[in-house]
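Working notes, beginning with the structure itself.
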Amino acid sequence: MRAIEITRSGGPEVLEWREVPDPRPEPGEIVIEVAASAVNRADVHQRNGHYDPPPGASPYPGLEVSGVVAEVGADVEQFRVGEEVCALLAGGGYAERVAVPWQQVMPVPQGVRLVEAAGLPEVACTVWSNVFMTARLRKGETLLVHGGASGIGTFAVQLAKALGSRVVATVGSAEKAERVLALGADETVDYHQEDFSEKVRADVILDIIGAKYLAQNVKALRPGGRLVVIGLQGGRKAELDLGMLLAKRLSVYGTTLRARPVDDKGAIVRSTVDKVWPLVSGGAVRPVVYAEVPMERAAEAHRMLDSGEHVGKILLVR
Numbered sequence: 001m002r003a004i005e006i007t008r009s010g011g012p013e014v015l016e017w018r019e020v021p022d023p024r025p026e027p028g029e030i031v032i033e034v035a036a037s038a039v040n041r042a043d044v045h046q047r048n049g050h051y052d053p054p055p056g057a058s059p060y061p062g063l064e065v066s067g068v069v070a071e072v073g074a075d076v077e078q079f080r081v082g083e084e085v086c087a088l089l090a091g092g093g094y095a096e097r098v099a100v101p102w103q104q105v106m107p108v109p110q111g112v113r114l115v116e117a118a119g120l121p122e123v124a125c126t127v128w129s130n131v132f133m134t135a136r137l138r139k140g141e142t143l144l145v146h147g148g149a150s151g152i153g154t155f156a157v158q159l160a161k162a163l164g165s166r167v168v169a170t171v172g173s174a175e176k177a178e179r180v181l182a183l184g185a186d187e188t189v190d191y192h193q194e195d196f197s198e199k200v201r202a203d204v205i206l207d208i209i210g211a212k213y214l215a216q217n218v219k220a221l222r223p224g225g226r227l228v229v230i231g232l233q234g235g236r237k238a239e240l241d242l243g244m245l246l247a248k249r250l251s252v253y254g255t256t257l258r259a260r261p262v263d264d265k266g267a268i269v270r271s272t273v274d275k276v277w278p279l280v281s282g283g284a285v286r287p288v289v290y291a292e293v294p295m296e297r298a299a300e301a302h303r304m305l306d307s308g309e310h311v312g313k314i315l316l317v318r
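Just so you know, we're using the UniProt record's numbering here: the sequence shown kicks off at 1 and counts up by one.
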């Protein structure tokens, strides 16, 4: 088969479409003939040499795919050859085929094109597991989403709104604000011009920035609020005001999805299919696709992501 290899650490030019060995399903795995994958920030970090795959994972980038079941390993009874599926991966999505534990495989939601479904697993599982399973966002509470125009952001805005929460999102331009408001956000804050901690009081914050926003996040939380940090685009280390943490009875969570054990991912996947897929099938939440780029031109797709101009997901299609 062919796959995108990271030939060395560096810019998008280090991504090359090459012949590589075909994957074979181990017991408990299935092989998916890939229709599409999606570009995530983690892929850029891996390309830059800052985010190695977990032990045993494929060395090729790509944390999600959609496609058709091509092979089924021993001990797998849940899926059959020929089924259309999408899957959460620890790596290997930028390829013609990928092997994945069956627990991380999901049916394609009704009403979603097979290619579009490649942009769902990572954002859906990330948002559901962090905002709802971990931070326990409830109906009527306020969610603050950083990077509201990103893949994670566009999904979080829609899902929280569909489940009855008030949603505020930070954005980087008036154009992105317009798009995010159209997805259901109640309010946006332009982080280039405004300090969100002076304007927003939230019950839950979903943060992709990290250190740079820590003090502001703590200030913006209401008493009993929950901060979930899922990214470190603004650095790893910052000072935390423990006095404010105690006085406001706040909780701070730090989570990742990629390196979790298969059983943990499987539990998240099953909950996502049970709770989120009906909203996707019913149209209350939909994939937001910025561009579909041929997989062999992955470097072009990475340049799009690096530019920061996109809204939603960038897909790599076969």
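Ideal Cβ placement from N, Cα and C applies to all residues, glycine included.
Pairwise C-alpha distance: residue j and residue i
i: A291; j: R8; result: 26 Å
i: R138; j: L159; result: 12 Å
i: G220; j: M133; result: Correcting the residue type first, residue 220 is Ala in the shown sequence and not Gly. A220 and M133: Cα-Cα distance of roughly 21 Å.
i: P101; j: E29; result: 4 Å
i: G49; j: R41; result: 13 Å
i: A174; j: G234; result: 22 Å
i: A177; j: T154; result: 11 Å
i: R24; j: G82; result: 17 Å
i: S251; j: A117; result: 33 Å
i: E84; j: G243; result: 52 Å
i: A238; j: A211; result: 5 Å
i: N217; j: A70; result: 46 Å
i: W277; j: I268; result: 13 Å
i: F196; j: V189; result: 6 Å
i: H78; j: V168; result: For the sequence presented, residue 78 should be read as Gln rather than His. Distance between the alpha carbons of Q78 and V168 is about 39 Å.
i: E141; j: Q110; result: 29 Å
i: G282; j: K199; result: 34 Å
i: K161; j: A149; result: 15 Å
i: L245; j: P54; result: 33 Å
i: A90; j: I230; result: 16 Å
i: C86; j: R318; result: 14 Å
i: E300; j: G224; result: 44 Å
i: K14; j: V204; result: Contrary to the premise, residue 14 reads as Val rather than Lys in this sequence. Rounded to whole angstroms, V14 to V204 spans 38 Å at the Cα level.
Residues bridged to residue i [DSSP beta-bridge criterion]
i: R2; result: E19
i: R166; result: T142
i: S66; result: A36 and C86
i: E71; result: V31
i: E292; result: L315
i: V171; result: D190
For residue j and residue i, believed in contact at Cβ under 8 Å, the rounded distance
i: K265; j: L120; result: Contact flag wrong, Cβ pair sits at about 15 Å.
i: residue 339; j: P12; result: The first residue shown for the chain is 1 and the last is 318, placing residue 339 beyond what the model contains.
i: V39; j: I314; result: 4 Å
i: P66; j: V115; result: Sequence inspection shows Ser at residue 66; the Pro mentioned does not correspond to that position. About 7 Å separates the two Cβ atoms, so the contact holds.
i: V157; j: V180; result: 6 Å
i: A202; j: L143; result: 6 Å
Sub-9 Å separation of residue i and residue j beta-carbons
i: L257; j: A36; result: no
i: V105; j: G62; result: no
i: G73; j: V31; result: yes
i: T255; j: V288; result: no
i: R222; j: A135; result: no
i: P107; j: V76; result: no
i: A185; j: V145; result: yes
i: L240; j: L206; result: no
i: V34; j: M304; result: no
i: E5; j: Y51; result: no
i: S165; j: T272; result: no
i: D263; j: V44; result: no
Original post:
Which parts of the segment 5–60 are runs of the alpha helix (DSSP H), unbroken and 4 residues or longer, counting only runs that do not cross its ends?
Top reply: Whole alpha helix (DSSP H) segments, 4+ residues: 41–47.
**OP:** With a floor of 4 residues, list each alpha helix (DSSP H) that falls wholly inside the segment 79–159, ordered by position along the chain.
**Re:** Listed in chain order, the complete alpha helix (DSSP H) runs (minimum 4 residues) inside the segment 79–159 are 121–127.
**OP:** Run through the segment 185–258 for me and flag every whole alpha helix (DSSP H) of 4 or more residues, listed as ranges in chain order.
**Re:** Fully enclosed alpha helix (DSSP H) runs of 4 or longer: 196–199, 214–220 and 242–247.
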